[in-house]
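Colleague: First the structure, which I've put down as structure tokens, then a few questions once you've had a look.
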Amino acid sequence: MVQRILITKEAERVVDSLKKEHGPLMFHQSGGCCDGSSPMCFPEGELMLNETDMFLGTIADCGFYMSKDQFEYWKHTQLTMDVVEGRGSSFSLEIPLGLRFVIKSRIFNDSELESLEKSENTSKG
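Here my numbering is used: the first residue of the sequence shown is 28, the next is one more, and so on.
Structural data, given as structure tokens:
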């Protein structure tokens, strides 16, 4: 099955460490405020989601969300969350560690897009 969001092993290790300290977590792909367009990590439920946010999938047992408007720009790509050294300017939980989560993307091929469309249409009922 094709997934919209993936995570690298390095990023997963950081997420696991953050979960030990903060409990269940969630991610939201920011839309440009603070640190450009980057994934932001919060304790689960700290960021209020609404009907303008989309669930893209689960990484490291954490939900990953993005606004519908931003999704229109990213819907043709598979996202992979990674981690790099450096201090971003966001409110994300990894920042005090001297790390920041980043998104890498690649364009889905035609068969992957078709598979995604079928599975998303089926899940809508």
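By construction, the Cβ of each residue, glycine as well, lies at the ideal position given by its N, Cα and C atoms. Computed from a predicted model, the values in this text were never measured in an experiment.
Closer than 8 Å by C-beta to Leu-33: which residues in its own chain qualify, once you throw out the five before and the five after it? Chain order, please.
Modeller: The answer, listed in chain order, is Ile-86, Gln-105, Leu-106, Thr-107 and Met-108.
Colleague: So, with DSSP's three-state summary, where would you put Asp-96?
Modeller: Reduced to three states, the DSSP call for Asp-96 is helix.
Colleague: Return yes when the Cβ of Arg-127 is within less than 8 Å of the Cβ of Ser-65, no when it is not.
Modeller: Yes, they are a contact pair.
Colleague: If you follow the beta strand (DSSP E) that Thr-85 is in, where does it begin and where does it stop?
Modeller: From DSSP, the beta strand (DSSP E) with Thr-85 extends over 80 to 86.
Colleague: For Glu-121, which of Phe-54, Glu-139 and Met-28 has the nearest alpha-carbon?
Modeller: Of the listed residues, the one whose Cα sits closest to Glu-121 is Phe-54.
Colleague: Return yes when the Cβ of Val-29 is within less than 8 Å of the Cβ of Glu-139, no when it is not.
Modeller: The answer is yes: Cβ separation under 8 Å.
Colleague: Taking the alpha-carbon positions, what's the Ile-134 to Val-41 distance?
Modeller: For Ile-134 and Val-41, the distance between alpha carbons rounds to 26 Å.
Colleague: Does the Cβ-Cβ distance between Phe-82 and Gly-90 come in under 8 Å?
Modeller: Yes, they are a contact pair.
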